[in-house]
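Here the structure comes first, spelled out in structure tokens, and everything after it is commentary.
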Amino acid sequence: MIKLESITVDNFEECLRLRVNDSQSKYIASNAYSLAEAYAFTNHKLYKPITYAIYNDNVMIGFIFVIYQPIDKDDLSDDEDVYYLARIMIDYKYQGKGYGKKALDELIKLLKTKLYGDAKAIVLSSNPNNQPAYSLFLSLGFKEMGINDDDGDNLLRLELD
């Protein structure tokens, strides 16, 4: 059974040991970088970093990093609260078993409860050349926004309402 649990002082080292395949490492930051980035965001005036370990029963198999981004009233182009899915990874030993889809299903259910804020959508960026991940996002209902991020990756969006 897939469940999400917060990254804590008790499990972060286990998270640091998770790895993707070598061919995938060009598409995703390491968990060490992601946890450092999440920590840095704790000092942001608006954004709230949220990190989860993905467990299959009692075995940590992956990691999720989400940022709650409420409207920035000082930014005229910012018109809605969103969750930004910064990272999702499944350790290479557990890929191809449907765990990524199940973990995202759990995350979507959780974010729909407005636990962290009243966001209208989940937004993420993904490289279409990372076909397994890109196909997974589309299969869950994410839609291409027709916009690229600073790295040239496509932005995708899933409405939460």
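Okay, so the sequence shown: first residue is 107 according to my numbering, each after it adds one.
Every residue gets a Cβ at the ideal spot worked out from N, C-alpha and C, and that includes glycine.
Does the distance from the CB of Asn269 to the CB of Asp259 come in under 7 Å?
Missing from the structure shown is residue 269; the chain here goes from 107 to 267 and no further.
Should Gln237 go down as buried or exposed, given a rule of 16 or more other Cβ atoms within 10 Å for buried?
Under this definition Gln237 is an exposed residue.
If we call anything under 7 Å between Cβ atoms a contact, is Tyr161 one with Tyr174?
Their beta carbons are not under 7 Å apart, which means Tyr161 does not touch Tyr174 by this criterion.
To which residues does DSSP link Ala146 through a beta bridge?
DSSP, once it has assigned bridges, lists no residue as partnering Ala146.
Give me the Cα-Cα distance between Arg263 and Glu143, rounded to the nearest whole angstrom.
For Arg263 and Glu143, the distance between alpha carbons rounds to 22 Å.
With DSSP run on the structure shown, which of helix, strand or coil describes Phe243?
Here Phe243 sits in helix by DSSP.
CB Leu266 to CB Lys218, shorter than 7 Å?
Yes.
Kindly list the residues whose CB is nearer than 6 Å to the CB of Leu191, restricted to its own chain and excluding five residues on each side of it in sequence; keep chain order.
Hits under 6 Å: Val172, Ile228 and Leu230.
On the CB-based measure, 16 or more other CB atoms within 10 Å of its CB, does Ala138 come out buried or exposed?
Answer is exposed; the Cβ neighbour count stays below 16.
From Tyr145 to Gly252, what distance separates their C-alpha atoms?
Looking at the two C-alpha atoms, the distance is approximately 30 Å.
Could you tell me if Leu210 is buried or exposed, where buried requires 16 or more neighbouring beta carbons within 10 angstroms of its beta carbon?
Flag for Leu210 reads buried.
Quick one: using the 10 Å Cβ neighbour count with 16 as the cut-off for buried, is Ile134 buried or exposed?
Classification of Ile134: buried, given that the 10 Å Cβ count is 16 or more.
Would you call Asp256 buried or exposed, if buried means 16 or more other Cβ atoms sit within 10 Å of its Cβ?
So Asp256 counts as exposed.
If you run the structure through DSSP and keep just helix, strand and coil, what is Phe248?
In this structure, Phe248 counts as coil in the three-state DSSP scheme.
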